[in-house]
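Visitor: Each residue of the sequence shown is one higher than the one before, counting from 1 in full-length UniProt numbering. Can you keep this structure in mind? I'll have questions shortly.
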Amino acid sequence: MLLKARSCGIQYVTRLELAFTKSSFHNMPCEVAARFLILYGSQRGQAQSIAEEICQQAAEHGFTADISCLSNQHKYNVDREIRPVVFVVSTTGDGDPPDTAHKFVRKIKNKSLVHDHFSHLRYALLALGDTNYANFCNGGKTIDSRLQQLGAKHFYATGHADDGTGLEVVVDPWIEGLWDALKKIFSSMSSSNQQSADLSDCTQDNYHKNASGQEKNKSGLEVDLQLLKLSEVDSQKGKTITSDSSDVETLSTALVASLKQSVPPLSESVLNVPALPASYLEVCLEQVSTEGETVPSDKDGYREVSISKAVQLTQDDAVKNAILLELDISEQSIAYQPGDAFDILCPNRASEVEELLLRLDLQTQKNCAVQVNLLKNSSKKAAKVPLHIPQSGSLQFILTWCLEIRSAPKKAFVRALADFTQNGSEKRRLLELCSKEGSADYNSFVRDTNVCLLDLLRAFPSCLPPLSLLFEHLPKLQPRAYSAASSSLQHPGKVHFVFNVVEFPACPEHPARTGLCTGWLADHVSSILRPLGTVPASEHLGTSSQPKVHVRPRPSSTFHLPADPSIPVVMVGPGTGVAPFIGFLQQREKEREANQEATFGETWLFFGCRHKDKDFLFREELERFEHNGTLSHLIVCFSRDEPDAAGTVNTPTYVQHNLRLHAKNVASILLKNKGSLYVCGDAKNMAKDVNDTLLEIIGNELQIDKLDAMKIVAGLREEKRYLQDIWS
Ligand code: FAD
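The structure is reproduced here in structure tokens:
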């Protein structure tokens, strides 16, 4: 039996299976054609590209798939759909379905729908999420549970893919198992000639068997790709690389794997690689000068505003460099509330764009206008010219403002790059990195180290991809969000942000660099940046000399102060996580001044930083709030300061330790006084630790076990009294 490697989502299927699949469909009555529907709800394009991948692979498995975005409701009708439906749904915000799925969710949540409204529907659902955030995969879960409530049945178990650990860990085996599940559902529809078969037995097992994934390989199947064998000919050296060749010896003497080289057993393995993704774009460069086009136009709701102030909030010797920006939004009449955020559009680094152009031999054509069209005869299903690539933009403009050139290339991209790599050993390594066997190496040397295209091109000098490949694989350059750290009551016509300059130290895979947006912002404001407490030179300058930035409001639906000011609030915001709370407290300070008779609930702020004297952000302002009663309790901890002179043991190190010390108050605010808990900042550690501490506090207070405490916490979330604004 032969194993055929297929797809860019890593799909492996035996030829025998394929033959069986097709022949079994040939025996089906024509009305039960092996046709299914794919519906996706995507926020940033991931769910869409996975859905398109499923669509693309369907034909190889003998199926025909139709595909539609959930927002195109005129293109499908689940109320009457008798074909199996595959949903791919991402999650955004505080566990919300993506914007493109809102209408659909509203429609299925309609209370007038009867309990068996979807009893005709057979479906599978792949939910995408990130365990670093609350309400993991909730976008997909919301749709899934509502469909179940209304009588729809799974024909395949739901997959929950975690962007925190790598979507492909779940997505690839899930897709792998989907074909078998579809085969079964079609057979069952065919034999009973209707859709009412009991499908419950082709769910969990099916998926788990495939999720473990190894069985086909273990059975000793031979890989049908000469290209992938170690006996591959090194095209440049004209030598055969085999397991006993000197090349392999040289590689393995080092016995340390790296981005560029593997060690046994991987270097000696026969590889299962994804099939080459179908190319679908054709790019022409026209010699029309587009010089002068340097920033994006005002589309997508972005406005260009001046940066009126930039203040360094931390001391020079602090571990992180925090900067406060003040934007002048007075002329744009942009309204916001504390708790809202703003998207900032930032360009790719000019030096990286230059290097990319040089490396692709396109330096002289950087001002040419780019025309992108669909390739005629492409086998890619539902191919579209990506909307984020403007027609007639210059090449330099597109690489600077439209494509996330820093993103870690997905395995499909690595696979495609291998085909444009001349040197045999380099090609072999790229194939290893995208192979099933090389998954651990891909995670260590590409994904976890955030290697980007340029890093790969540096590491593999004989790789020379065409521009069309970059346009097909590089995602849209995403804006970065920053929480408002001000209230417009206190700073009319202005909004403040605070951010840490993200730093990635040099490693074998790439040189040292700063985060794309924070590094750019730090450079961009360097001419007006001043240390805390000094006179702002920029106030004497006209707005024309102030740096500019493109921003767009990103309102939060929930992360706001309670409408009733008498409700007590607990805020947890270490480091730059304090940003929205500065906005909350400025607002509260003004409201208290304006309305002295009103009752205001208690306000608690748990703040933390490394050193009291180096990175205690907004120290003076917070102390003022405490002094004038705006803030009832300012509870601070310093994680890297020595214990005080008295040698106090068990000094609280992190915010959760202080929460524990004030457990009684926190519990009483949340459980007795209907108060709210807000958490803002680092998603990876802090938010999880705070959540665990909250469970502990509630468990101890009510003398209940963890499961019951979790139910109470879930209830607080549901009532929007436990709110998170967290980022990684
Ligand atoms: P990027 O270049 O995007 O890098 C960021 C991440 O990419 C890293 O954390 C890491 O996971 C990965 N990464 C990239 N390169 C590497 C590498 N070489 N090695 C390892 N990992 C790598 N941030 C604030 O500072 N203040 C705020 O008020 C704030 N508010 C926010 C509000 C919201 C609603 C959201 C969603 C986010 C908020 N953020 C805030 C986070 C902010 O949007 C950015 O993510 C952050 O500033 C980093 O952006 P960057 O472009 O500098 O970094």
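In this text, a Cβ means the ideal position worked out from N, Cα and C, and glycines have one as well.
Judging by CA-CA distance, which residue of Gln-478, Pro-492, His-496 is the nearest neighbour of Ser-486?
Guide: Answer by Cα proximity: His-496.
Visitor: Reducing DSSP to helix, strand and coil, say where Gln-596 ends up.
Guide: Of the three classes helix, strand and coil, the one that applies to Gln-596 here is coil, per DSSP.
Visitor: Would you mind reading off the limits of the alpha helix (DSSP H) that contains Asn-700?
Guide: Run containing Asn-700: 686 to 702, per the alpha helix (DSSP H) assignment.
Visitor: When we look at the beta-carbon of Gly-301 and count the other beta-carbons within 10 Å, is it buried (16 or more) or exposed?
Guide: Answer is exposed; the Cβ neighbour count stays below 16.
Visitor: Could you check the C-alpha separation between Lys-320 and Asp-163 for me, to the nearest Å?
Guide: About 26 Å.
Visitor: Taking a contact to mean a Cβ-Cβ separation below 8 Å, would you say Gly-515 touches Val-525 in this structure?
Guide: Result no, Cβ atoms of Gly-515 and Val-525 do not sit closer than 8 Å.
Visitor: From this set, Lys-376, Asp-317, Ala-369, Ser-306, which residue's C-alpha is nearest Ile-344's C-alpha?
Guide: Nearest C-alpha to Ile-344: Ser-306.
Visitor: Who are the near neighbours of Pro-508 in its chain, counting only those whose CB is closer than 8 Å to its CB and skipping five residues on each side?
Guide: Excluding sequence neighbours, Pro-508 sits near Ser-258, Leu-259.
Visitor: Once you ignore the five residues that flank Leu-561 on each side, which residues in its own chain have a CB closer than 8 Å to its CB?
Guide: Hits under 8 Å: Pro-338, Gly-339, Val-569, Phe-584, Gln-587, Arg-588.
Visitor: Could you have a look at Asp-144 and say whether DSSP puts it in helix, strand or coil?
Guide: If DSSP states are grouped into helix, strand and coil, Asp-144 belongs with the helices.
Visitor: Counting along the chain, where does the beta strand (DSSP E) carrying Phe-499 start and finish?
Guide: Looking at the DSSP string, the run of the beta strand (DSSP E) that includes Phe-499 is 494 to 500.
Visitor: Please classify Leu-167: does DSSP put it in a helix, a strand, or coil?
Guide: Reduced to three states, the DSSP call for Leu-167 is coil.
Visitor: Taking buried to mean at least 16 other C-beta atoms within 10 Å of its own C-beta, is Pro-84 buried or exposed?
Guide: Answer is buried; the Cβ neighbour count reaches 16.
Visitor: Can you grab the Cα-Cα spacing for the pair Leu-605 / Val-679, in whole Å?
Guide: Cα-Cα distance, rounded: 10 Å.
Visitor: DSSP puts Gln-312 in a beta bridge; with which residues?
Guide: Beta-bridge pairing links Gln-312 to Ile-323, Pro-531.
Visitor: Counting pairs of Cβ atoms below 8 Å between the region 404 to 419 and the region 260 to 280, do you hit three or more?
Guide: Result yes; three or more Cβ-Cβ pairs closer than 8 Å.
Visitor: In chain order, what residues of the same chain lie with their CB nearer than 6 Å to the CB of Leu-469, ignoring the 5 residues before and after it?
Guide: Correct list, in chain order: Ala-416.
Visitor: Which class does Leu-375 belong to by DSSP, given the choice of helix, strand or coil?
Guide: DSSP places Leu-375 in coil when its eight states are reduced to three.
Visitor: Using alpha carbons as the reference points, say which of Lys-376, Glu-432, Arg-640, Ser-425 lies closest to Ser-269.
Guide: That would be Glu-432, whose Cα lies nearest to the Cα of Ser-269.
Visitor: Leaving out five residues on either side along the sequence, give the residues of the same chain with a beta carbon under 8 Å from the beta carbon of Ala-506.
Guide: Answer for Ala-506: Ala-512, listed in chain order.
Visitor: Just grab the DSSP bridge partners of Gly-41 for me.
Guide: Answer is Val-89, bridged to Gly-41.
Visitor: If we ignore side chains and look at the alpha-carbon of each, how far apart do Asn-685 and Lys-75 end up?
Guide: Whole-angstrom Cα-Cα distance: 43 Å.
Visitor: Val-655 and Cys-637 - do their beta-carbons sit closer together than 8 Å?
Guide: Cβ atoms of Cys-637 and Val-655: closer than 8 Å.
Visitor: Comparing the CB of His-550 with every heavy atom of the ligand FAD, is any distance shorter than 7 Å?
Guide: His-550 Cβ: outside cutoff for every heavy atom of the ligand FAD.
Visitor: How about Gln-365 and Gln-391: are their beta carbons less than 8 Å apart?
Guide: No, they are not a contact pair.
Visitor: Can you check whether the CB of Gln-312 is closer than 8 Å to the CB of Pro-531?
Guide: Contact flag set, yes.
Visitor: Given this structure, state the Cα-to-Cα distance separating Ala-318 from Arg-406, to the nearest angstrom.
Guide: Their Cα atoms are separated by approximately 27 Å.
Visitor: Relative to the ligand FAD, what is the chain-ordered list of residues with a Cβ closer than 7 Å to any of its non-hydrogen atoms?
Guide: Checking every Cβ against the heavy atoms of the ligand FAD under 7 Å gives Ala-341, Cys-346, Arg-406, Thr-449, Asn-450, Arg-480, Ala-481, Tyr-482, Ser-483, Ala-485, Phe-497, Val-498, Phe-499, Asn-500, Val-502, Phe-504, His-510, Arg-513, Thr-514, Gly-515, Leu-516, Cys-517, Thr-518, Gly-519, Arg-554, Thr-576, Ala-579, Asp-725, Trp-727, Ser-728.
Visitor: Assuming Lys-612 and Gln-315 make a contact with CB atoms under 8 Å, what is their CB distance in whole Å?
Guide: With a Cβ gap of about 11 Å, Lys-612 and Gln-315 do not count as contacting.
Visitor: Report the rounded CA-to-CA distance for His-117 versus Phe-36, giving the unit in angstroms.
Guide: C-alpha separation (whole angstroms): 20 Å.
Visitor: In chain order, what residues of the same chain have a beta carbon less than 6 Å from the beta carbon of Thr-400, not counting five sequence neighbours either side?
Guide: Around Thr-400: Pro-347, Asn-348, Val-353.
Visitor: How would you label Gln-703, buried or exposed, when you count the other beta carbons within 10 angstroms and need 16 or more for buried?
Guide: So Gln-703 counts as exposed.
Visitor: Would you check if the region 617 to 636 and the region 591 to 608 touch, i.e. whether three or more CB-CB distances between them fall below 8 Å?
Guide: With the cut-off at 8 Å, the region 591 to 608 and the region 617 to 636 touch.
Visitor: Give the secondary structure of Ile-82 by DSSP, where H, G and I count as helix, E and B as strand, and everything else as coil.
Guide: Coil.
Visitor: Please state whether DSSP places Cys-55 in a helix, a strand or coil.
Guide: Helix at Cys-55.
Visitor: Quick one: Cα of Leu-281 to Cα of Ser-145, how far?
Guide: Their Cα atoms are separated by approximately 39 Å.
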